[in-house]
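Q: Before I ask anything, let me first share the structure, which is written out below as structure tokens.
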Amino acid sequence: MFSRSFFIILIALFGMTSFVHADDLSLLDNKAKESQVTQLEQDKLRTQTIKQTRVELEKKLNALKRSIKQVENQTQQLSSSFSQNEKALTELEKQLQIETGSLGELFGVVRQGAKSTEEIVMSSVIQRSEGLSLAPFEHVTNTDTLPSIAVLSDYVNAMATYIEQSRVVTSVMVNRLQGDGLVVEEGMIRVGDMALLSERGEMQWDRSQAQAEQYSRYPDDATNTGNFRSDSMLIDVTRGGLFTQYAEQPTLLQRIEQAGIVGQIILGLLLIGLIITVYRGVVLMTIQWQISKQLLVPETPSNNPLGRILSVYDKEKGQNLESLELRLLEAIMDEQQGLEKGLSMLKLLAALAPMLGLLGTVTGMIETFQVITQFGNGDPKVMAGGISMALTTTVLGLIAAMPLLLAHNLLSSRADSINATLEKQGVSLVAAKAENDNARII
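Under mature numbering (1 follows the signal peptide of the UniProt record, and there is no 0), the residues of the sequence shown are numbered -22 to -1, 1 to 420, in order.
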């Protein structure tokens, strides 16, 4: 009874499960069909969109191909036109060259002259003070074609105006740059286009700033508004080139500084040599004067070389002739040593000076080569220091050696002259002694 009831329950449960599964499968089948229909519709729509896009792209591609074809045709036409125009231009240039003849060369000369004149006018104070326009010059220099008659007329008139103003000496008011950097307006004298004079001297005209500047140095006879004369004056016809060169020319002290320590040593030797020269020259002149006085009164020997020799003679004249001669020779040799004192040092200084100059030359060249090694040889100003030292020391050595050699020669000659006088007097004393001895024997 129990097993039968259990079996019936199982059959009922199985039937209920089958009914539920059948409903689920039916629902899934319906959803799948709906999804498939939706997918087909989307695929169909996508396909239609792709076809429509392809048609549009093909239309655009065809339009671009037609445009490329048109551009190629236009390019070909333009190339053909360019070739034809180039040939025509060549023919026209040949025809123009034949018709113009030498006008091309003439225009080149005119343009070159206009350019140089424009530079002169721009650098002159006339352009600022008289308001001279640069347009006529620019119209000639900035064109590549033959200038017209009107342009050439303006150019000629501008040149005539400039030439007319170049002969005028007049007072002008210009800006001047002071030493403190301030710019003030000052009255000056314009001497044509050559010079601009102020109370300080000739001024340098800065065309970029349209102002006058003072040179750092002036010669003593430089012209200014104080010594200005309309009939004759000294001016820099190079428009500042000579004054610039004069200002950059080093002074004597700057030259000595360029020579360095070697140059200072050379100058020290020169100073010592000059002191010796002056001192020994005074001594020798004094001795020569004393000897000249002594020759007038040989009976009374005084304190001078000849007087001391005469004293030796008076003291030793009782000796025999040979002893007296040796005593006099000894006295003369002692005096000769005093006369030649300082001459050997003077000769040594004269020999050392050029050798030190050569040393400075070598030192300067070594410095120059070191600069070349570090910075190259592109800028001569970098090497100027060593070269200046080399040349300046050489010059100083020669300058020191020449007067020292001359002084040595003069002093040696004077000392030799005094020595000759002493020897002559000594020989005469010995001769007088010999004559007296011979007369006594007879």
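Glycine is no exception: its CB is placed at the ideal position from the N, C-alpha and C atoms.
Does the structure place the region 150 to 166 close enough to the region 126 to 137 that three or more beta carbon pairs sit under 8 Å?
A: Because the criterion of three Cβ pairs below 8 Å is not met, the region 126 to 137 and the region 150 to 166 do not touch.
Q: In this structure, does DSSP put A188 in helix, strand or coil?
A: A188: coil per DSSP, three-state reduction.
Q: State the start and end residues of the unbroken alpha helix (DSSP H) segment that holds T139.
A: Counting along the chain, the alpha helix (DSSP H) containing T139 begins and ends at 127 to 144.
Q: Any idea if P228 is buried or exposed, counting beta-carbon neighbours within 10 angstroms, 16 or more meaning buried?
A: So P228 ends up on the exposed side.
Q: Whole-angstrom Cβ separation of N397 and L317, contact assumed at under 8 Å?
A: About 6 Å; that satisfies the 8 Å criterion.
Q: Please report the distance separating the alpha-carbon of V(-3) from that of R32.
A: Here the model assigns V(-3) a pLDDT of 46, short of 50, so the residue's position is not dependable, and the following value carries that caveat. Roughly 51 Å between the two C-alpha positions.
Q: Pull the bridge partners of T148 from the DSSP assignment, please.
A: Answer by DSSP bridge pairing, in chain order: R168.
Q: With contact counted as at least three CB pairs below 8 Å, one residue from each stretch, are the region 162 to 174 and the region 137 to 153 in contact?
A: In short, these stretches touch, since the Cβ pair count reaches three.
Q: Would you identify the three-state DSSP class for V(-3), choosing helix, strand or coil?
A: Confidence in V(-3) is poor, its pLDDT being 46 and thus under 50, which makes the residue's placement unreliable; the coordinate value appears in the next sentence. Looking at V(-3) - three-state DSSP - the assignment turns out to be helix.
Q: Can you grab the Cα-Cα spacing for the pair A92 / T119, in whole Å?
A: Going by the C-alpha atoms only, they are around 6 Å apart.
Q: Using the C-alpha atoms, what's the distance from Q297 back to S270?
A: The alpha-carbon atoms of S270 and Q297 are separated by roughly 28 Å.
Q: Tell me the rounded alpha-carbon separation between residue 425 and G238.
A: This structure leaves residue 425 out entirely; the chain is present only between -22 and 420.
Q: Do D171 and S111 have their CB atoms nearer than 7 Å?
A: No, these two residues do not count as a Cβ contact at 7 Å.
Q: Out of G241, E401, T222, state which residue places its alpha-carbon closest to the alpha-carbon of L230.
A: Closest option to L230, Cα to Cα, is G241.
Q: Go to L175, then tell me how far its beta strand (DSSP E) extends in each direction, as first and last residue.
A: L175 -> beta strand (DSSP E) spans 173 to 175.
Q: When the Cα atoms are used, what is the spatial distance from Q232 to L374?
A: Computed Cα separation, rounded: 13 Å.
Q: What's the C-alpha gap between S(-5) and I28?
A: Its pLDDT being 49, under 50, S(-5) is placed unreliably by the model, and the measurement read from it follows with that caveat. When rounded, the distance between both Cα atoms is 48 Å.
Q: Taking 8 Å as the threshold, find out whether the region 374 to 392 comes into contact with the region 247 to 264 through three or more Cβ pairs.
A: Segments in contact, yes.
Q: Taking the alpha helix (DSSP H) that T346 falls in, what are its first and last residues?
A: Start and end: 321 to 353.
Q: Using 10 angstroms around the beta-carbon of T278, count the other beta-carbons present and answer buried if the total reaches 16, otherwise exposed.
A: Result: exposed.
Q: Can you give the Cα-Cα distance for S366 and M181, rounded to whole angstroms?
A: Answer to the nearest angstrom: the Cα atoms are 30 Å apart.
Q: Please go through the region 18 to 45 and give each complete alpha helix (DSSP H) segment of 4 or more residues, from N-terminal end onward.
A: The region 18 to 45 contains no whole alpha helix (DSSP H) run of 4 or more residues.
Q: Using three-state DSSP, classify N153 as helix, strand or coil.
A: Three-state result, N153: strand.
Q: Rounding to the nearest angstrom, what Cα-Cα distance links E12 and S4 in this structure?
A: Roughly 13 Å separates the two Cα atoms.
Q: Starting from R286, follow the alpha helix (DSSP H) in both directions and report where the run begins and ends.
A: Residues 283 to 294.
Q: Leaving aside the five residues before and after L274 along the sequence, list all residues of the same chain whose C-beta is less than 6 Å from its C-beta, in chain order.
A: Around L274: no qualifying Cβ.
Q: Identify the continuous alpha helix (DSSP H) that holds L231 and give its terminal residues.
A: L231 -> alpha helix (DSSP H) spans 230 to 274.
Q: Would R392 pass as a contact of L262 if the rule is Cβ separation under 7 Å?
A: In contact: R392 and L262 (Cβ atoms closer than 7 Å).
Q: Given a threshold of 16 other Cβ atoms within 10 Å of its Cβ, counted over all protein chains shown, does E313 qualify as buried or as exposed?
A: The residue in question, E313, is buried, as its Cβ has 16 or more Cβ neighbours within 10 Å.
Q: Out of curiosity, what's the CA-to-CA distance linking A412 and Q315?
A: Their backbone Cα atoms lie some 27 Å apart in a straight line.
Q: Return the chain-ordered list of same chain residues with a C-beta closer than 6 Å to the C-beta of L327, the five sequence neighbours on each side being excluded.
A: Only L247, G251, L382 meet the Cβ criterion.
Q: How many angstroms separate the CA atom of F221 from the CA atom of S144?
A: Roughly 21 Å between the two C-alpha positions.
Q: Which residues in the same chain have their Cβ closer than 6 Å to the Cβ of V405, if we skip the five residues on either side of it in sequence?
A: Closer than 6 Å at the Cβ level, and outside the excluded window around V405, lies no residue.
Q: Between the C-alpha atoms of A66 and S58, what's the straight-line distance to the nearest angstrom?
A: About 12 Å.
Q: Let me know the secondary structure DSSP gives F(-21) once reduced to three states.
A: Per-residue confidence for F(-21) stands at a pLDDT of 47, beneath the threshold of 50, marking its modelled position as unreliable; the derived number appears in the next sentence. If DSSP states are grouped into helix, strand and coil, F(-21) belongs with the helices.
Q: In the DSSP output, which residue or residues are listed as bridge partners for Q182?
A: Bridge partners of Q182: E191.
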